[in-house]
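Residue numbers (the working numbering): 1 to 325.
For every residue, glycine included, the Cβ atom is placed at its ideal position computed from N, Cα and C.
Contents: one structure, followed by commentary.
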């Protein structure tokens, strides 16, 4: 690495530690990068998580159609990008790919017609190793980026990974649970997005029955912090919601409810929390009052409480309610 490139990395570190906003920092760093790694165009994009599309934080001289390609088709289908995400995350120039990159769709239909003859994408990662976005560089001189430039770009992977990391503002619950717990965020609009590095799972996919129910309650501001949801076939899911600012973080996982309660017993308990009598519970569940009484008796026994009121209070405090639309 050359002396001017080392000096740039030190300066970039100082910029990252400053008080400016993310876009301002990114703009300043890319302007400095251009002096030591000559490029014709560059962009810095952040990963949104819910799908594979990205959003550009800063764009320097990419035409709109090229930028749109980089933030959508490229991250879905480009073989070089797929190789870096799944095989080896080291930045790849066109000439570094294990296949003739100039023959690919991106090169033939987008980059070459736009006047670019070489390029490199740098996949970015935060300090936890979670993928957070991309740095794209395109040149109109096939000699660049040079070998010494690649070393600078490798250093950029973690330096810029934190800058575009959309997970920095997420509250602690997103990092304190098992990696298998499914996670999404709701924003005003409403907009649904995943959390980078976290699975979404089928039940938090856009348009699913659970998401429809969550959105309806979110819009009515009737979204409890903890509750249960039945996906069918006796499978129950523990749902946790955390509000911060105007957003809501949703965690979901299949689980067994406390006290060994069944789906039907959880349904009965939910209606007790709502203050329903046995007759009203029977009407709601289309069963007889005598059957309701048996369920209530089993609920009290399993929860080790002496009255339906005590069971309802305990259930409400513990989030032992079964919600549906």
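Given a threshold of 16 other Cβ atoms within 10 Å of its Cβ, counted over all protein chains shown, does residue i qualify as buried or as exposed?
{"i": "residue 194", "result": "buried"}
{"i": "residue 143", "result": "exposed"}
{"i": "residue 229", "result": "buried"}
{"i": "residue 47", "result": "buried"}
{"i": "residue 295", "result": "buried"}
{"i": "residue 260", "result": "exposed"}
{"i": "residue 192", "result": "buried"}
{"i": "residue 367", "result": "No answer is possible for residue 367: it lies beyond the span of the chain, which begins at 1 and ends at 325."}
{"i": "residue 10", "result": "exposed"}
{"i": "residue 145", "result": "buried"}
{"i": "residue 270", "result": "buried"}
{"i": "residue 54", "result": "buried"}
{"i": "residue 304", "result": "exposed"}
{"i": "residue 12", "result": "buried"}
{"i": "residue 257", "result": "buried"}
{"i": "residue 244", "result": "exposed"}
Give the DSSP bridge partners of residue i, in chain order.
{"i": "residue 54", "result": "47"}
{"i": "residue 238", "result": "228, 253"}
{"i": "residue 136", "result": "43, 121"}
{"i": "residue 244", "result": "247"}
{"i": "residue 192", "result": "186"}
{"i": "residue 92", "result": "121"}
{"i": "residue 81", "result": "Note: residue 81 sits in no beta bridge, so no partner."}
{"i": "residue 131", "result": "125"}
In this structure, how does DSSP classify residue i when only helix, strand and coil are distinguished?
{"i": "residue 162", "result": "helix"}
{"i": "residue 106", "result": "helix"}
{"i": "residue 144", "result": "coil"}
{"i": "residue 273", "result": "helix"}
{"i": "residue 260", "result": "helix"}
{"i": "residue 101", "result": "helix"}
{"i": "residue 60", "result": "strand"}
{"i": "residue 182", "result": "strand"}
{"i": "residue 13", "result": "helix"}
{"i": "residue 152", "result": "helix"}
{"i": "residue 323", "result": "coil"}
{"i": "residue 312", "result": "helix"}
{"i": "residue 68", "result": "helix"}
{"i": "residue 212", "result": "helix"}
{"i": "residue 287", "result": "coil"}
{"i": "residue 298", "result": "helix"}
{"i": "residue 233", "result": "coil"}
{"i": "residue 32", "result": "helix"}
Quick check: residue i and residue j, are their CB atoms within less than 8 Å of each other?
{"i": "residue 246", "j": "residue 188", "result": "yes"}
{"i": "residue 67", "j": "residue 43", "result": "yes"}
{"i": "residue 98", "j": "residue 153", "result": "no"}
{"i": "residue 184", "j": "residue 210", "result": "no"}
{"i": "residue 181", "j": "residue 156", "result": "no"}
{"i": "residue 140", "j": "residue 116", "result": "yes"}
{"i": "residue 120", "j": "residue 69", "result": "no"}
{"i": "residue 80", "j": "residue 101", "result": "yes"}
{"i": "residue 162", "j": "residue 227", "result": "no"}
{"i": "residue 137", "j": "residue 8", "result": "no"}
{"i": "residue 78", "j": "residue 56", "result": "no"}
{"i": "residue 160", "j": "residue 135", "result": "yes"}
Rounding to the nearest angstrom, what Cα-Cα distance links residue i and residue j in this structure?
{"i": "residue 6", "j": "residue 33", "result": "11 Å"}
{"i": "residue 272", "j": "residue 249", "result": "28 Å"}
{"i": "residue 219", "j": "residue 286", "result": "29 Å"}
{"i": "residue 232", "j": "residue 200", "result": "19 Å"}
{"i": "residue 83", "j": "residue 41", "result": "22 Å"}
{"i": "residue 51", "j": "residue 225", "result": "At residue 51, the pLDDT of 47 sits below 50, so the modelled position is not reliable and the matter cannot be decided from this model."}
{"i": "residue 88", "j": "residue 25", "result": "28 Å"}
{"i": "residue 125", "j": "residue 73", "result": "21 Å"}
{"i": "residue 265", "j": "residue 276", "result": "14 Å"}
{"i": "residue 35", "j": "residue 3", "result": "13 Å"}
{"i": "residue 214", "j": "residue 179", "result": "22 Å"}
{"i": "residue 45", "j": "residue 323", "result": "38 Å"}
{"i": "residue 133", "j": "residue 316", "result": "41 Å"}
{"i": "residue 60", "j": "residue 76", "result": "22 Å"}
{"i": "residue 18", "j": "residue 27", "result": "13 Å"}
{"i": "residue 235", "j": "residue 85", "result": "34 Å"}
{"i": "residue 280", "j": "residue 262", "result": "20 Å"}
{"i": "residue 298", "j": "residue 313", "result": "17 Å"}
{"i": "residue 216", "j": "residue 21", "result": "34 Å"}
{"i": "residue 164", "j": "residue 65", "result": "22 Å"}
{"i": "residue 283", "j": "residue 202", "result": "32 Å"}
{"i": "residue 14", "j": "residue 198", "result": "30 Å"}
Is the CB of residue i under 8 Å away from at least one CB in chain C?
{"i": "residue 321", "result": "Protein chain content of the structure displayed is limited to a single chain, and chain C is not contained in it."}
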